[in-house]
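Notes for the one structure printed next.
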Amino acid sequence: MAKITLKNLRHSYYPNPKDPADFALKEINLDWQDGGAYALLGPSGCGKSTLLNIVSGLLAPSDGQILFDDQDVTDLPPDARNIAQVFQFPVIYDTMTVYDNLAFPLRNRGINETEVSTRVTEIAQMLDVNDMLQTRAANLSPDNKQKISMGRGLVRDDVNVVMFDEPLTVIDPHLKWKLRSKLKELHQRVKATMIYVTHDQIEALTFADQVVVMQEGEVVQIGTPVELFERPAHTFVGHFIGSPGMNVLPCELRADAVYLNDTKIEIEGPATTTNAQTYEIGVRPEFVTIADTGLAATVHKVADIGRHSIVEALIGEVKVSAMVQGDTPQKGDQIYLNFQQNQTRLYGDGWLCSTAKGAK
Ligand SMILES: Nc1ncnc2c1ncn2[C@@H]1O[C@H](COP(=O)(O)OP(=O)(O)OP(=O)(O)O)[C@@H](O)[C@H]1O
């Protein structure tokens, strides 16, 4: 397995790109450590597949380098990069048995049959497919076909990286959670460098130790699931991760403090406010409470989602969501909202610019 480094990577599908919008990848610099579990998370069109294809060698970047263990592989073709890839749809041979499908990548490398048998049995056990080893792949359900596809990606222990491209797309929703946790368990046992590409925050946060969040061809934050939830570096991350996402509220910066609709808002700590054009407050619905005093608001909508309700209220014209347990107000009620100060942050032009009290 290898450490993977992306250096000043840019890519445009146009022959003569001029402005930043012409680049599908704007400027990517990152390190994926040997043996780490990473997710590449972002909405459709943010550049995930482009990045994956550049790492696997299917696409040559317009600029920059890809290094595996500090060796430049930018000009190497896919088959010289020693990568295993699991795609959205199962890639297996229908006419072969499950055993032969799993054995294929090993036999292809000239591995002897004793070793093949050991590895196939091991992977089959990890994936709970031992009882299907002699079944012809054509007779498997789509879920099991994808499991075998994953097994083919994981069966070799000499690859530099295993890449998953939205691998749970074809899996039935009720089986998804099973395979998600299975993949996490597999990573802990196999200890391979794994990159998991998805637009689904739950898949990314369950699988990865570190999540790379992308937006419009740029990496906006790399962090653990907890870091992304607790300290989004950008309003996009705050809004994209969480259900519902972080409230992003336009505010005004006056000499002494931050104001929302003429009401002073206490934020987590000091802010670096230099030359941003627009400022916003970011606070997650989990940290907005209904109280006896505070920001005056009118209830706009209430959604009961089981253990709690999401109350959407209007402060003037600004919409704020609060996650409420217990008694909930009704549409049209006048209420007061409080923001938990240590979870209320300031963003300038989208980027986090406040720091927690006492933080260096
Ligand atoms: N072959 C291509 N030619 C021109 N533009 C392309 C090509 N492939 C992708 N793009 C553009 O590059 C940008 C990034 O696309 P990419 O497929 O990498 O995003 P993605 O995050 O993987 O999205 P999805 O999840 O929908 O595949 C998009 O604006 C897309 O329209």
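The numbering used here puts the first residue of the sequence shown at 1439, with every later residue one more than the last.
Note that beta-carbon positions come from the ideal geometry of N, C-alpha and C, so glycine has one too.
Nothing here was measured: the structure is a model prediction, and the numbers come from that model.
Distance between residue j and residue i (C-alpha atoms, nearest Å)
i       : j       : result
Pro1708 : Arg1783 : 10 Å
Gly1754 : Asp1510 : 56 Å
Val1600 : Val1524 : 8 Å
Ala1693 : Thr1701 : 14 Å
Asp1458 : His1677 : Per the sequence shown, the amino acid found at residue 1458 is Pro instead of Asp. Answer to the nearest angstrom: the Cα atoms are 23 Å apart.
Thr1533 : Lys1456 : 50 Å
Gln1781 : Gly1683 : 14 Å
Asn1446 : Arg1519 : 20 Å
Ser1500 : Thr1552 : 45 Å
Phe1645 : Lys1757 : 32 Å
Met1564 : Met1570 : 13 Å
Asp1765 : Glu1750 : 15 Å
Leu1497 : Leu1444 : 14 Å
Thr1710 : Ala1695 : 12 Å
Asn1685 : Val1529 : 41 Å
Beta-carbon proximity list for residue i, same chain, < 6 Å, skipping 5 on both sides
i       : result
Ala1714 : Gly1786 and Asp1787
Lys1614 : Leu1606
Ala1671 : Gln1659 and Leu1790
Asp1513 : none
Gly1591 : Ala1522, Val1524 and Val1600
Phe1674 : Gln1653 and Val1658
Lys1739 : Glu1750
Cβ neighbours of residue i in the same chain (closer than 7 Å, five flanking residues each side left out)
i       : result
Phe1667 : Ile1679 and Gly1680
Ala1541 : Val1554 and Val1558
Gly1474 : Thr1631, Asp1647 and Gln1648
Ile1609 : Asp1581, Gln1584 and Leu1617
Thr1793 : Gly1707 and Pro1708
Glu1724 : Met1761
Ser1409 : Since the first and last residues shown for the chain are 1439 and 1798, residue 1409 lies out of range.
8 Å CB neighbourhood of residue i in its chain, flanking five on each side removed
i       : result
Asp1460 : Ser1450 and Tyr1452
Pro1515 : Gly1495
Coil, strand or helix - residue i by DSSP
i       : result
Ile1586 : helix
Gly1683 : coil
Ser1759 : strand
Asp1771 : coil
Ile1492 : helix
Arg1783 : strand
Val1536 : helix
Gly1591 : helix
Asn1598 : coil
Arg1448 : strand
Leu1571 : coil
His1612 : helix
Phe1525 : coil
His1738 : strand
Asp1460 : helix
Thr1710 : coil
Any non-hydrogen atom of ligand 3 closer than 6 Å to residue i Cβ
i       : result
Pro1767 : This structure lacks ligand 3; its bound ligands are ligand 1.
Minimum Cβ-Cβ distance from residue i to chain B less than 7 Å
i       : result
Asp1638 : The chain labelled as chain B is not found in the depicted structure, where only one protein chain is given.
Check your understanding: Listed in chain order, which residues are found with a beta carbon closer than 5 Å to a heavy atom of ligand 1?
Key -> Tyr1451, Ala1462, Ser1482, Gly1483, Cys1484, Gly1485, Lys1486, Ser1487 and Thr1488
**Study point:** Sufficient close CB pairs (3 or more, under 8 Å) joining the region 1626 to 1634 to the region 1658 to 1677
**Key:** Fewer than three beta-carbon pairs drawn from the region 1626 to 1634 and the region 1658 to 1677 are found closer than 8 Å, and the two stretches are therefore not classed as touching.
Exercise for review: For the region 1769 to 1778 and the region 1721 to 1739, state whether three or more C-beta atom pairs, one from each stretch, are separated by less than 8 Å.
Suggested key: With a cut-off of 8 Å on Cβ pairs, the region 1769 to 1778 is in contact with the region 1721 to 1739, counting three or more such pairs.
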